[in-house]
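Here the structure comes first, spelled out in structure tokens, and everything after it is commentary.
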Amino acid sequence: MSEEQEPANRGYDATLMRRLLGYLRPYRWHTAAALLLLVVQSGLALVGPLLTQRALDAAIPERDLGFLGLLAGLYLGTLLVEFVVEYGGALLTTWIGQRVMYDLRMQIFEHLQRLSIPFYDRNPVGRLMTRVTSDVETLNELFSSGVVTIFGDVFTLLAIMVMMLAIDLDLALVTFSVIPLVWITAAVFRRRVREAFRDIRTRLARLNSYLQERLSGMRIVQLFGREEASARRFGQLNREHLEAHLRSITIYAVFFPVVEVLTAVAMALLLWYGGLRVLEDTLTVGVLAAFIQYTRRFFQPLQDLSEKFNLLQSAMASSERIFALLDEPATVAEPAVPRRLAAPMAGEVRFEGVWFRYSPEGPWVLRDISFTASPGRTLALVGHTGAGKSTIVNLLLRFYDPERGRITVDGVDIREVSTAELRSIIGFVQQDLFLFTGDILHNLTLDAPIPPEAARQAARRVGADRFIERLPSTYAHRLGERGRSLSVGERQLLSFARALALDPRILVLDEATSSVDAEAEAQIQLAIAELMTGRTSLVVAHRLSTILHADEILVLHHGEIRERGSHRELLAQAGLYQRLYQLQLRGQELRQIA
Numbered sequence: 094m095s096e097e098q099e100p101a102n103r104g105y106d107a108t109l110m111r112r113l114l115g116y117l118r119p120y121r122w123h124t125a126a127a128l129l130l131l132v133v134q135s136g137l138a139l140v141g142p143l144l145t146q147r148a149l150d151a152a153i154p155e156r157d158l159g160f161l162g163l164l165a166g167l168y169l170g171t172l173l174v175e176f177v178v179e180y181g182g183a184l185l186t187t188w189i190g191q192r193v194m195y196d197l198r199m200q201i202f203e204h205l206q207r208l209s210i211p212f213y214d215r216n217p218v219g220r221l222m223t224r225v226t227s228d229v230e231t232l233n234e235l236f237s238s239g240v241v242t243i244f245g246d247v248f249t250l251l252a253i254m255v256m257m258l259a260i261d262l263d264l265a266l267v268t269f270s271v272i273p274l275v276w277i278t279a280a281v282f283r284r285r286v287r288e289a290f291r292d293i294r295t296r297l298a299r300l301n302s303y304l305q306e307r308l309s310g311m312r313i314v315q316l317f318g319r320e321e322a323s324a325r326r327f328g329q330l331n332r333e334h335l336e337a338h339l340r341s342i343t344i345y346a347v348f349f350p351v352v353e354v355l356t357a358v359a360m361a362l363l364l365w366y367g368g369l370r371v372l373e374d375t376l377t378v379g380v381l382a383a384f385i386q387y388t389r390r391f392f393q394p395l396q397d398l399s400e401k402f403n404l405l406q407s408a409m410a411s412s413e414r415i416f417a418l419l420d421e422p423a424t425v426a427e428p429a430v431p432r433r434l435a436a437p438m439a440g441e442v443r444f445e446g447v448w449f450r451y452s453p454e455g456p457w458v459l460r461d462i463s464f465t466a467s468p469g470r471t472l473a474l475v476g477h478t479g480a481g482k483s484t485i486v487n488l489l490l491r492f493y494d495p496e497r498g499r500i501t502v503d504g505v506d507i508r509e510v511s512t513a514e515l516r517s518i519i520g521f522v523q524q525d526l527f528l529f530t531g532d533i534l535h536n537l538t539l540d541a542p543i544p545p546e547a548a549r550q551a552a553r554r555v556g557a558d559r560f561i562e563r564l565p566s567t568y569a570h571r572l573g574e575r576g577r578s579l580s581v582g583e584r585q586l587l588s589f590a591r592a593l594a595l596d597p598r599i600l601v602l603d604e605a606t607s608s609v610d611a612e613a614e615a616q617i618q619l620a621i622a623e624l625m626t627g628r629t630s631l632v633v634a635h636r637l638s639t640i641l642h643a644d645e646i647l648v649l650h651h652g653e654i655r656e657r658g659s660h661r662e663l664l665a666q667a668g669l670y671q672r673l674y675q676l677q678l679r680g681q682e683l684r685q686i687a
């Protein structure tokens, strides 16, 4: 789903909120303590106006300096206690928000690692980055300064309303007369800000997706001189994101002054009506002063609640996207009760009538594929680009599941085996190389329980030790992103050593020697010959020279096995394989002449 196809932001959603509040369960005592502090803080907010009333109505008229000093001391003490309580509450709610954000990010990351490869085929990385960063940060703000403090604001409002009604009903009704106008203003604000925040999130995801893609493909951008065009497109996306933010700022710039004006109107009505009653001796100056203070404190939570509703709107949108991601099912499902492969295992791989396509409406990529790869033997897959060779490997690794037929290892359907166990017995060297930021040894073991000496031995057997020993820190040499400081051939050798370090029962090579020179390829072939002994080996190759000694070669064409046999047998058939072989020989001759 693209950013433009995301559902519109909802208003308050009770189901989403209940699910969000579930993340507070591990910190329920901390949350209870934060709520208690907020209640205490709200209660302390009522004390100041009462002390003011007593000072104006009792201490000052009677010239009681001792009582006045006591009231002033109590007022100062209340402010100090309120400061400590507010500091503790802010510290505690921020701690809760950070812990919830940590838990949520860990849950999202773990779920992303469980999702199947088809999910990543249709979702750009930049969009997923927005979920883990920006959307989670929005929820952090909700837990830090929203969901808990909302209760404090509501309690403060109710306490002030009760106090004002208890002191003087008429003055309270005058003060509350502007509340309908505040409510209408807040309703308009909520609707407009909901649209603005939806726009911001959509444009931010679009911006992140474009940025991630262009940075990953910077070599291509520079090679084809597309820097200026890329900058223009990025400028357009950046400008749209800026405009969306400016629209939200405009909404804020209108809302808060309107609330201030309505607060001033309430104060003016209070002064007018209260002043008349003071002149008529039906109201004391102290009560009027207390009401003025209560009115200021009454409208502050109202304004805060409107702002927090905006935060709630944004959190609802973010949580909807996050939970949609967390609810994304893995298309390659783990078996409910996994079967264990027998030990010691032979490693026989069998495809039985396998059909596969990448989408239910798409064309068949594989059609009725059946073959057996036996231990100690090498099975090669050849064919034109798009014939289905790499798809067979992806199905064996359970990146996808076949639509029909089944795949077995030692007679056990791989859909009945946990993916962790299945992949632990397969050593895979892929055409699309990927190395991680870290040292050489880390890239060989990927923190698996592999002894360092076993990793070094694997590097020696494929000839990777020749260039590793030349590096400044040898196996401790740190690689940059994707190992770009190494040549393509060196990266491929490391990828090969990484697969061999696991001592796999099944070896899968997908164009494993396509990027190395002739000398390195010859050394790898010697290592392969040694390592294939007693193992099931599947080799995907475009260069037929690398699979001349395979025990069996399958020739694929449009997803079907058209020919099978050894190199000599296939040449004798004078079919597709012979044509492929002759085309490659002719290409080599032309390169030699050039």
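Start counting at 1 in the sequence shown, then tack on 93, and there's your number in the numbering used here.
For every residue, glycine included, the Cβ atom is placed at its ideal position computed from N, Cα and C.
query                                                                                                             : result
Own chain, CB closer than 6 Å to aspartate 461, minus 5 neighbours either side, in chain order                    : Gly446
First and last residue of the uninterrupted alpha helix (DSSP H) at glutamate 333                                 : 320-372
Check whether leucine 232 and isoleucine 415 have beta carbons under 9 Å apart                                    : yes
Rounded straight-line distance, which links the Cα of glycine 182 to that of glycine 170                          : 18 Å
Selection from Ser452, Glu454, Gly479 and Met438 that minimises the alpha carbon distance to glycine 469          : Met438
Which of helix, strand or coil DSSP assigns to alanine 126                                                        : helix
Which of helix, strand or coil DSSP assigns to serine 412                                                         : helix
Expected contact under 8 Å - CB spacing of glutamate 656 and leucine 663 to nearest Å                             : 6 Å
Alanine 382 versus proline 350 - alpha carbon distance                                                            : 24 Å
Limits of the unbroken beta strand (DSSP E) element including aspartate 461                                       : 459-466
Proximal residues to histidine 535 (C-beta, below 8 Å), its chain only, five neighbours per side dropped          : Phe529
Continuous alpha helix (DSSP H) stretch holding aspartate 558: start and end                                      : 558-561
Sub-9 Å separation of isoleucine 702 and arginine 443 beta-carbons                                                : As shown, the chain starts at 94 and ends at 687. That puts residue 702 outside it, with no answer to give.
Beta-carbon proximity list for phenylalanine 560, same chain, < 6 Å, skipping 5 on both sides                     : Glu583
Glycine 245 burial status per 10 Å Cβ neighbour count (16 or more: buried)                                        : buried
Buried or exposed (CB count within 10 angstroms, at least 16 for buried), serine 463                              : exposed
Whether glycine 136 touches alanine 265 by CB criterion (9 Å)                                                     : no
Cβ pair threonine 688, alanine 127 closer than 9 Å                                                                : This structure gives no information on residue 688, because the portion of the chain shown stretches from 94 to 687.
For serine 690, the first and last residue of its enclosing alpha helix (DSSP H)                                  : Residue 690 lies beyond the stretch modelled for the chain, which goes from 94 to 687, so this question has no answer here.
Selected residue, minimal CA-CA separation from arginine 81, among His642, Leu637 and Glu645                      : What the structure shows of the chain is the stretch from 94 to 687, and residue 81 is not part of that stretch, so it cannot be assessed.
For valine 267, the first and last residue of its enclosing beta strand (DSSP E)                                  : First-last for valine 267: 262-269, but that is the alpha helix (DSSP H), not the beta strand (DSSP E).
In chain order, each beta strand (DSSP E) run of at least 3 residues that lies wholly inside the stretch 453-514  : 459-466, 471-476 and 497-502
Contact belief for aspartate 503 with alanine 435 at Cβ below 8 Å, rounded distance in angstroms                  : 6 Å
Alpha helix (DSSP H) segments (min. 4 residues) lying fully within the stretch 637-686                            : 660-666 and 669-686
Whether tyrosine 120 touches isoleucine 201 by CB criterion (9 Å)                                                 : no
Pairwise C-alpha distance: glycine 115 and glycine 476                                                            : 53 Å
Straight-line gap, valine 371 to valine 133 (C-alpha atoms, nearest Å)                                            : 33 Å
Where isoleucine 243 sits in the DSSP three-state scheme                                                          : helix
Cβ neighbour criterion (16 or more within 10 Å) applied to tyrosine 180                                           : exposed
Cβ distance (whole Å) where isoleucine 293 is taken to contact alanine 337 below 8 Å                              : 5 Å
Alanine 569, buried or exposed, once every other Cβ within 10 Å from all chains shown has been counted against 16 : exposed
The stretch 323-342 / the stretch 294-301 touching (three or more Cβ pairs under 8 Å)                             : yes
Any 3 or more C-beta pairs closer than 8 Å across the stretch 538-558 and the stretch 626-633                     : no
Cβ neighbours of methionine 257 in the same chain (closer than 6 Å, five flanking residues each side left out)    : Ala265 and Tyr387
Strand pairing of threonine 629, partner residues [DSSP]                                                          : Ile599
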